[in-house]
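According to our numbering, the stretch in the sequence shown is residues 1331 to 1638, in order. Beta carbons: idealized from backbone N, C-alpha and C, even for Gly. Read through the structure below, which is laid out as structure tokens, and then see the notes.
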Amino acid sequence: MTLKGRHLLDPSDFSLEELSEIFELADSIINDPASFSEKCKGKILATLFYEPSTRTRFSFEAAMLRLGGQVIGFSEPSSSSVAKGESIADTIRTIACYADIAVMRNPKEGAPRIASMYASIPVINAGDGGHQHPTQTLADLLTIRSVKHSLDNLTIGCCGDLKFGRTIHSLIKALGRYKNNAFVLVSPKELQVPEYILNEVLNKGQLPFKQVEKLEEVISELDILYMTRVQKERFFNEEDYIRLKDSYILDNEKMKHARPDMIVLHPLPRVNEIAYEVDDDPRAFYFQQAKFGMFVRMALILKLLGVE
Ligand code: CP
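Listed below in structure tokens is the structure:
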């Protein structure tokens, strides 16, 4: 089955073979970007961002521009007719009259799925509330594959806000489909992964995992340490956020106990959870990860538009 015309709403929308095709295409783009610079000439990408973003929106826009296409959209809904009360269904039906593909970020879980039901063009979920963020996962997997040369046989530490962190939910869903991966989930009790990830993904998939509260106790076991920000915007009260926001701060002292080949990833933005001193550690890959995000989104756009 071709990826042309499909939506990407959840990490499991594509088969492992389809994911491999995307990563192989991303490799080709990285190796020879010039040969892709006109592939999307005449095509338009719409970015519909109902929530703030730096990496996801700019990397999608840069991806389309680097493919020779053009970009329209809004970075906050107040500048569109959403502010007048227009529904997601009507917005996407209108956008489909003007654009060939749409990327949507929305604070409401499931909003991009609703959009996809009314869209005659591919819709990409660029993050829906505290639910999923499948294109961040594409960036994460391409990074891991490039550095570790495999997506199998890994022990992945997920640290921070595992409850509201949509990147974590998507990452566990995706890496759980590869062979022999184990998860070490490091969080305060209040910020543990939601029940559906625990029951429908980890337990149902019989994936090896453990839940702990102290990063120091497990850092030496990890192949990958995926740090996350405590998601202030998803908390119901500020007191809880203030109490939990600095639960984990990765610094050089903690990195001394990590394996020499462990890599540190973070979807960014960071607040305090990775000290700036760690940026100089050769195991810190989070800015490369952001760059891989653009290349993998170029590959995704090409595949969904069917213009290889
Ligand atoms: N990783 C990520 O989604 O970053 P932005 O919120 O800046 O898009």
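Item to check | residue 1469 versus 1613, 1349, 1604, 1542, residue with shortest Cα-Cα distance | outcome: With respect to the C-alpha of residue 1469, the residue from 1613, 1349, 1604, 1542 having the closest C-alpha is 1349.
Checklist entry - Whose C-beta lies closer than 7 Å to the C-beta of residue 1527 among residues of the same chain, with five residues either side of it excluded? => result Counting only Cβ-Cβ distances below 7 Å, and skipping sequence neighbours, we find 1499, 1502.
Next on the checklist: Assuming contact is defined by CB atoms lying nearer than 8 Å, are residue 1626 and residue 1356 in contact in what I supplied?
Outcome noted: Contact flag set, yes.
Checklist entry - With 16 as the cutoff for other CB atoms within 10 Å, does residue 1294 come out buried or exposed? => result As shown, the chain starts at 1331 and ends at 1638. That puts residue 1294 outside it, with no answer to give.
Checklist entry - In this structure, what does DSSP give as the bridge partners for residue 1614? => result For residue 1614, which the question treats as bridged, DSSP gives the partners 1594.
Item to check | Terminal residues of the alpha helix (DSSP H) in which residue 1501 lies | outcome: Counting along the chain, the alpha helix (DSSP H) containing residue 1501 begins and ends at 1496–1505.
Item to check | Pick from 1459, 1458, 1457, 1486 that is closest to residue 1471, judged by C-alpha positions | outcome: Nearest neighbour of residue 1471 by Cα position, chosen from 1459, 1458, 1457, 1486, turns out to be 1486.
Item to check | Neighbourhood of residue 1346 by C-beta, 8 Å cutoff - its chain only, sequence neighbours within 5 removed | outcome: Counting only residues of its own chain and dropping the five nearest sequence neighbours on each side, residue 1346 has a CB closer than 8 Å to the CB of 1507, 1508.
Item to check | Where residue 1338 falls: helix, strand or coil (DSSP) | outcome: In the three-state scheme derived from DSSP, where H, G and I count as helix and E and B as strand, residue 1338 is classed as strand.
Checklist entry - With respect to the beta strand (DSSP E) encompassing residue 1540, which residues constitute its N-terminal and C-terminal limits? => result That run of the beta strand (DSSP E) goes 1539–1542.
Next on the checklist: Beta-carbon within less than 6 Å of residue 1545's beta-carbon, same chain only, minus the 5 sequence neighbours each way: which residues are those?
Outcome noted: Short of 6 Å from the beta carbon of residue 1545, and not among the five residues preceding or following it, lie these beta carbons of its own chain, in chain order: 1489, 1516, 1578.
Item to check | 3-residue-minimum beta strand (DSSP E) runs that sit fully inside the segment 1381–1419, ordered along the chain | outcome: As far as the segment 1381–1419 is concerned, its whole beta strand (DSSP E) runs of at least 3 residues are 1400–1404.
Checklist entry - For the ligand CP, any of its heavy atoms closer than 7 Å to the Cβ of residue 1355? => result Incorrect: residue 1355 has no Cβ contact closer than 7 Å to the ligand CP.
Checklist entry - In whole angstroms, what is the alpha-carbon distance linking residue 1530 and residue 1364? => result One C-alpha to the other measures close to 43 Å.
Item to check | Distance cut 7 Å, beta-carbon to the ligand CP heavy atom: residue list by chain order | outcome: Cβ atoms closer than 7 Å to the ligand CP belong to 1382, 1383, 1384, 1385, 1386, 1387, 1457, 1463, 1466, 1497, 1597, 1598, 1599.
Next on the checklist: Less than 7 Å between C-beta atoms, sequence neighbours within five positions excluded: which residues of the same chain meet that for residue 1446?
Outcome noted: Taken in chain order, the residues that qualify are 1337, 1339, 1453.
Checklist entry - Out of 1481, 1442, 1449, 1450, which has the shortest C-alpha to C-alpha gap to residue 1456? => result Ranked by Cα distance from residue 1456, the options 1481, 1442, 1449, 1450 are led by 1442.
Item to check | Closest by C-alpha distance to residue 1328, when choosing among 1361, 1358, 1366, 1342 | outcome: Residue coverage of the chain in this structure runs from 1331 to 1638, which leaves residue 1328 outside it and unanswerable.
Checklist entry - By how many angstroms is the C-alpha of residue 1616 removed from the C-alpha of residue 1630? => result Approximately 21 Å between the Cα atoms of the pair.
Next on the checklist: Quick check on this structure: which residue in 1380, 1389, 1387, 1384 has the alpha carbon closest to the alpha carbon of residue 1416?
Outcome noted: Among 1380, 1389, 1387, 1384, the Cα nearest to that of residue 1416 is on 1380.
Item to check | Bridge-paired residues (DSSP) for residue 1462 | outcome: Answer is 1458, bridged to residue 1462.
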